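Asker:
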Amino acid sequence: MSAPDLRAEALATWEANASHWDQTMGRDGNKYWQVLQVPSLQRMLGDKLPGAEALELATGNGLGARWLAANGAASVLATDGSNKMLQLAEKHISAEGGDVISLAKLDVTSDEDFDGLVSASQPGFDIILMNMAIMDVATLEPLARALPKLLAKDGVFYASVLHPVFFTSGASRNVDLRDNPQTGGLDVTRTKIIKDYLFVPPAMGVAHLDQPERQIYFHRPIHELFGTFFAAGLVMDAMEEPAFTEDDHMPDRVEAHSNYTQLPALLAFRMRRRT
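Taken in order, the sequence shown gives residues 1 to 275; the numbers are from full-length UniProt numbering.
Right, here's the structure in full:
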């Protein structure tokens, strides 16, 4: 559910949490990045990367921008609405000695910010990436309106989010432990219960434990998420639901999301301009 009146508050929490985010994610990212996001990015963008002109929205500490550059993009414009995040991204980019990436401030909820970018970026970008940020954004309409103007003729927009069904809906995690009379062992069954899905108001939460401020999550059911972009003239040509596997199991944390191997953690999709 979009909530334009929460734009400023949502962005302010990322400014406050930027340093903690960077310390937690580090230069190489966390398990979600390494196990789920990178393989999905490679599958959906890999053949489009060599020589690409790329734009990253909500870059955070520059993780996605550095991945684009390292995998063949000719130039990457990395943007974020948080000044502190841009400073942290610059630190990592400078440490790696990259000259492919440039940085700029852009608030994805601002039509004015996008207007300035559109006028300066013709004939458009081959790749636009918004990795794991849509659920943190108060309104998607400015982004959706700008994308057809920012994409090159054969350009693609890739985005990923926490799965709307199993995460941002507020689904509860359940663990059922039963003694198995045949084996003498313990059978563990993990399920999630989704009580609300279609109408879920913005909710406070955390991305990492001990972060300075709680952030706002904006749940959108799948039809609303995709419908916003379809209405702006985009079509979807690929979608994935990345999930953890038994290799990611955490036996010492029965509640860990990575133990729910039958329920996808993310929703990733690729869109392009309607021809």
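All C-beta atoms, glycine included, are put in the ideal place defined by N, C-alpha and C.
Just so it is clear, the structure is predicted and the values come from calculations on it, not from any experiment.
Runs of 3 residues minimum, wholly inside the stretch 181-233: which ones carry the beta strand (DSSP E) assignment?
Answerer: Complete beta strand (DSSP E) runs here, min 3: 186-193, 203-205 and 215-217.
Asker: Using the Cα positions of Leu55 and Ser119, report the straight-line distance between them to the nearest angstrom.
Answerer: When rounded, the distance between both Cα atoms is 14 Å.
Asker: Please give the ranges of any beta strand (DSSP E) in the UniProt domain "Methyltransferase type 12" (55-157), keeping only runs that are unbroken, at least 3 residues long and fully inside the region.
Answerer: If we require 3 residues or more, the beta strand (DSSP E) runs fully inside the UniProt domain "Methyltransferase type 12" (55-157) come out as 75-80, 101-105 and 125-131.
Asker: Hey, how far is the Cα of Asp210 from the Cα of His20?
Answerer: Spanning the two alpha carbons is a distance of roughly 8 Å.
Asker: Does the stretch 129-136 come into contact with the stretch 57-76, if we say contact requires no fewer than three beta-carbon pairs (one atom in each stretch) closer than 8 Å?
Answerer: Contact between the stretch 129-136 and the stretch 57-76 is present, because at least three Cβ pairs lie under 8 Å.
Asker: Excluding the 5 residues preceding and the 5 following Arg273 in the sequence, name in chain order all residues of the same chain whose CB lies nearer than 6 Å to its CB.
Answerer: Here the set comprises Pro148 and Leu151.
Asker: Rounded to whole angstroms, what's the CA-CA distance from Met236 to Leu225? Just pull it up for me.
Answerer: Between Met236 and Leu225, the C-alpha separation is close to 12 Å.
Asker: Once you ignore the five residues that flank Ala69 on each side, which residues in its own chain have a CB closer than 6 Å to its CB?
Answerer: Hits under 6 Å: Val76, Gly98, Val100 and Ile101.
Asker: Figure out for me which residue from Tyr260, Leu267, Leu177 and Ala231 has the closest Cα to the Cα of Val186.
Answerer: Sequence check: residue 186 is Leu here, not Val. Checked all of Tyr260, Leu267, Leu177 and Ala231; the closest Cα to Leu186 is Leu177.
Asker: Have a look at Ala144 and Ala52 and give me their C-alpha separation to the nearest angstrom.
Answerer: Whole-angstrom Cα-Cα distance: 21 Å.
Asker: For the beta strand (DSSP E) holding Ser172, just list the boundary residues, first then last.
Answerer: Per DSSP, Ser172 belongs to the beta strand (DSSP E) from Ser172 to Asp179.
Asker: When you compare the stretch 191-211 with the stretch 238-248, are there three or more beta-carbon pairs, one atom per stretch, that lie closer than 8 Å?
Answerer: Touching, no.
Asker: Keeping to the same chain, check which residues put their C-beta closer than 8 Å to that of Tyr32; ignore five residues upstream and five downstream.
Answerer: Hits under 8 Å: Met132, Ala265 and Leu266.
Asker: Grouping DSSP H, G and I as helix and E and B as strand, with all else coil, what is Ser258?
Answerer: Helix, per DSSP.
Asker: Comparing alpha-carbon positions, which option in Arg43, Pro202 and Asn61 lies nearest Gln23?
Answerer: Closest by alpha carbon: Asn61.
Asker: Quick check on Gly155: buried or exposed, where buried means 16 or more other Cβ atoms within 10 Å of its Cβ?
Answerer: Buried, since its Cβ has 16 or more Cβ neighbours within 10 Å.
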